[in-house]
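Here is the structure we will look at, set down as C-alpha coordinates.
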Amino acid sequence: MEIIIRKFKKEDIKDAVLIWNQVVEDGRAFPQTEFLDEKTGMDFFEEQSFTGIAYSSGSGEIVGLYILHPNNIGRCGHICNASYAVRRDARGQHVGEQLVRHCLSMAKDLNFRILQFNAVVRSNTAALALYKKLGFVQLGIIPGGFRLKDGSYEDIVPHYHLL
(Lines of atoms letter the chains of each structure in order from A and count residues from 1; the text may use other names and numbers.)
(Lines give C-alpha, C1' and ligand atoms only; values in the text may rest on other atoms or scores of the structure.)
Protein backbone atom coordinates (compact mmCIF):
# COMPACT_ATOMS: atom_id res chain seq x y z
CA MET A 1 0.00 0.00 0.00
CA GLU A 2 1.37 3.40 -0.95
CA ILE A 3 0.72 5.91 1.79
CA ILE A 4 1.32 9.58 2.35
CA ILE A 5 1.98 10.99 5.81
CA ARG A 6 1.05 14.53 6.75
CA LYS A 7 0.34 16.61 9.83
CA PHE A 8 -2.91 15.98 11.73
CA LYS A 9 -5.84 18.26 10.85
CA LYS A 10 -9.10 18.76 12.74
CA GLU A 11 -10.97 16.96 9.97
CA ASP A 12 -9.02 13.80 10.82
CA ILE A 13 -10.40 13.49 14.34
CA LYS A 14 -13.03 10.79 13.77
CA ASP A 15 -10.64 8.44 11.97
CA ALA A 16 -7.73 9.21 14.31
CA VAL A 17 -9.81 8.47 17.41
CA LEU A 18 -11.20 5.27 15.88
CA ILE A 19 -7.72 3.96 15.01
CA TRP A 20 -6.19 4.99 18.36
CA ASN A 21 -9.04 3.36 20.26
CA GLN A 22 -8.61 0.11 18.31
CA VAL A 23 -5.08 -0.21 19.72
CA VAL A 24 -6.25 0.71 23.22
CA GLU A 25 -9.05 -1.86 22.92
CA ASP A 26 -6.59 -4.56 21.77
CA GLY A 27 -4.76 -4.03 25.07
CA ARG A 28 -1.43 -5.34 23.77
CA ALA A 29 0.61 -2.22 22.95
CA PHE A 30 -0.50 1.08 24.52
CA PRO A 31 -0.41 1.71 28.27
CA GLN A 32 -3.65 3.71 28.08
CA THR A 33 -6.84 2.05 29.26
CA GLU A 34 -9.21 4.96 28.60
CA PHE A 35 -10.73 5.52 25.17
CA LEU A 36 -10.61 8.88 23.45
CA ASP A 37 -13.69 10.71 22.27
CA GLU A 38 -13.59 13.53 19.73
CA LYS A 39 -12.96 16.22 22.37
CA THR A 40 -10.31 14.37 24.38
CA GLY A 41 -8.81 13.12 21.13
CA MET A 42 -8.53 16.63 19.70
CA ASP A 43 -6.82 17.85 22.87
CA PHE A 44 -4.51 14.81 22.90
CA PHE A 45 -3.45 14.92 19.24
CA GLU A 46 -2.99 18.70 19.19
CA GLU A 47 -0.81 18.75 22.34
CA GLN A 48 1.84 16.50 20.76
CA SER A 49 5.02 17.91 19.22
CA PHE A 50 3.75 16.28 16.02
CA THR A 51 0.86 14.01 15.13
CA GLY A 52 1.31 12.32 11.77
CA ILE A 53 -1.60 10.97 9.75
CA ALA A 54 -1.03 8.20 7.20
CA TYR A 55 -3.51 7.89 4.38
CA SER A 56 -3.75 5.71 1.31
CA SER A 57 -2.71 7.57 -1.83
CA GLY A 58 -5.29 5.54 -3.76
CA SER A 59 -8.42 5.75 -1.63
CA GLY A 60 -7.57 8.74 0.55
CA GLU A 61 -8.60 6.72 3.62
CA ILE A 62 -6.67 7.25 6.85
CA VAL A 63 -4.91 4.00 7.74
CA GLY A 64 -2.66 5.00 10.62
CA LEU A 65 -1.12 7.69 12.76
CA TYR A 66 1.67 8.45 15.17
CA ILE A 67 2.29 10.85 18.00
CA LEU A 68 5.68 12.35 18.79
CA HIS A 69 6.51 14.25 21.97
CA PRO A 70 9.28 14.79 24.54
CA ASN A 71 10.01 11.76 26.68
CA ASN A 72 11.11 13.95 29.56
CA ILE A 73 11.81 17.57 30.49
CA GLY A 74 14.76 19.89 31.06
CA ARG A 75 18.13 18.23 30.70
CA CYS A 76 16.49 15.17 29.15
CA GLY A 77 14.15 17.15 26.90
CA HIS A 78 16.21 16.24 23.83
CA ILE A 79 14.89 12.68 24.09
CA CYS A 80 11.54 12.06 22.43
CA ASN A 81 8.99 9.27 22.54
CA ALA A 82 6.44 8.10 19.99
CA SER A 83 3.46 5.80 19.63
CA TYR A 84 2.10 4.29 16.42
CA ALA A 85 -1.39 3.10 15.56
CA VAL A 86 -2.43 1.28 12.40
CA ARG A 87 -6.05 0.59 11.50
CA ARG A 88 -6.82 -3.07 12.07
CA ASP A 89 -7.58 -3.87 8.44
CA ALA A 90 -4.36 -2.16 7.26
CA ARG A 91 -1.99 -4.04 9.56
CA GLY A 92 0.66 -6.20 7.93
CA GLN A 93 0.94 -3.85 4.92
CA HIS A 94 4.06 -1.96 6.13
CA VAL A 95 2.11 1.13 7.23
CA GLY A 96 3.84 0.94 10.62
CA GLU A 97 7.27 0.95 9.01
CA GLN A 98 6.41 4.05 7.01
CA LEU A 99 5.11 5.74 10.16
CA VAL A 100 8.30 4.96 12.09
CA ARG A 101 10.54 6.15 9.24
CA HIS A 102 8.59 9.40 8.97
CA CYS A 103 8.72 9.82 12.73
CA LEU A 104 12.51 9.41 12.81
CA SER A 105 12.85 12.16 10.22
CA MET A 106 10.35 14.44 11.95
CA ALA A 107 12.01 13.95 15.35
CA LYS A 108 15.33 15.03 13.87
CA ASP A 109 13.67 18.04 12.20
CA LEU A 110 12.26 19.02 15.61
CA ASN A 111 15.81 18.93 17.06
CA PHE A 112 15.39 15.85 19.20
CA ARG A 113 18.59 13.81 19.49
CA ILE A 114 17.23 10.43 20.60
CA LEU A 115 13.96 8.57 20.04
CA GLN A 116 13.24 6.29 22.98
CA PHE A 117 10.52 3.68 23.40
CA ASN A 118 9.81 3.02 27.06
CA ALA A 119 7.51 0.04 26.81
CA VAL A 120 7.56 -2.19 23.74
CA VAL A 121 5.60 -5.25 24.80
CA ARG A 122 7.66 -8.41 24.36
CA SER A 123 4.89 -10.27 22.54
CA ASN A 124 4.66 -7.47 19.95
CA THR A 125 7.02 -9.40 17.69
CA ALA A 126 6.21 -7.37 14.56
CA ALA A 127 7.24 -4.13 16.30
CA LEU A 128 10.37 -5.73 17.76
CA ALA A 129 11.43 -7.00 14.33
CA LEU A 130 10.76 -3.61 12.74
CA TYR A 131 12.75 -1.72 15.36
CA LYS A 132 15.67 -4.12 14.92
CA LYS A 133 15.49 -3.67 11.13
CA LEU A 134 15.56 0.13 11.52
CA GLY A 135 18.59 0.10 13.82
CA PHE A 136 17.02 0.67 17.23
CA VAL A 137 19.07 -0.50 20.19
CA GLN A 138 17.39 -2.73 22.75
CA LEU A 139 18.12 -1.64 26.32
CA GLY A 140 17.13 -4.77 28.19
CA ILE A 141 13.95 -6.30 29.55
CA ILE A 142 11.69 -5.11 32.33
CA PRO A 143 9.95 -8.22 33.68
CA GLY A 144 6.19 -7.91 33.94
CA GLY A 145 6.22 -4.22 33.01
CA PHE A 146 2.95 -4.27 31.03
CA ARG A 147 -0.46 -5.33 32.31
CA LEU A 148 -2.51 -7.07 29.63
CA LYS A 149 -6.32 -6.84 29.37
CA ASP A 150 -6.73 -10.20 31.09
CA GLY A 151 -4.78 -8.94 34.12
CA SER A 152 -1.64 -10.96 33.41
CA TYR A 153 1.74 -9.25 33.00
CA GLU A 154 4.05 -9.20 29.99
CA ASP A 155 7.68 -8.09 29.79
CA ILE A 156 8.56 -4.79 28.13
CA VAL A 157 11.63 -4.07 26.04
CA PRO A 158 12.82 -0.44 26.01
CA HIS A 159 14.64 0.76 22.86
CA TYR A 160 16.36 3.86 21.57
CA HIS A 161 17.57 5.25 18.26
CA LEU A 162 20.16 8.01 17.89
CA LEU A 163 18.94 10.69 15.54
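Residues 0 to 162 in numbering that gives the first Met the number 0 are what the sequence shown spells out, letter by letter. Note that the Cβ used here is the ideal one computed from N, Cα and C, for glycine as well.
Should residue i go down as buried or exposed, given a rule of 16 or more other Cβ atoms within 10 Å for buried?
i    : result
T50  : buried
F111 : buried
Y152 : exposed
G150 : exposed
L129 : buried
G57  : exposed
L147 : exposed
V163 : Any property of residue 163 remains undetermined from this structure, which presents the chain solely from 0 to 162.
Spatial neighbours of residue i within its chain, please: CB distance less than 8 Å, with the 5 preceding and 5 following residues excluded, ordered by chain position.
i    : result
K9   : M41
I155 : N117, A118, V119, V120, R121, I140, I141, G144 and F145
L138 : V156, P157, H158 and Y159
K6   : F49, T50, G51 and I52
C79  : S48, L67, H68, P69, N70, A106, L109, F111, I113, L114 and Q115
H93  : M0
Just the Cα atoms here: how many angstroms apart are residue i and residue j?
i    : j    : result
E60  : V22  : 18 Å
G95  : V85  : 7 Å
E45  : P69  : 14 Å
L127 : L114 : 15 Å
I72  : D14  : 30 Å
L35  : W19  : 8 Å
E24  : R90  : 15 Å
K131 : T32  : 27 Å
R163 : V62  : Nothing in the structure corresponds to residue 163, since the chain is present only between 0 and 162.
T39  : L133 : 32 Å
In chain order, what residues of the same chain lie with their CB nearer than 7 Å to the CB of residue i, ignoring the 5 residues before and after it?
i    : result
H101 : I4 and G51
N123 : R27 and A28
Only counting the same chain, and skipping five residues up and downstream in sequence, which positions put a Cβ closer than 6 Å to that of residue i?
i    : result
N117 : P157
S82  : I66
DSSP puts residue i in a beta bridge; with which residues?
i    : result
G63  : A53 and V85
H158 : F116 and Q137
N80  : H68
Could you tell me how far apart the beta carbons of residue i and residue j are, in whole angstroms, since I believe they sit closer than 8 Å?
i   : j    : result
A53 : L98  : 6 Å
E37 : V16  : 6 Å
L64 : L103 : Their Cβ separation, rounded to whole angstroms, is 16 Å, which puts L64 and L103 out of contact at 8 Å.
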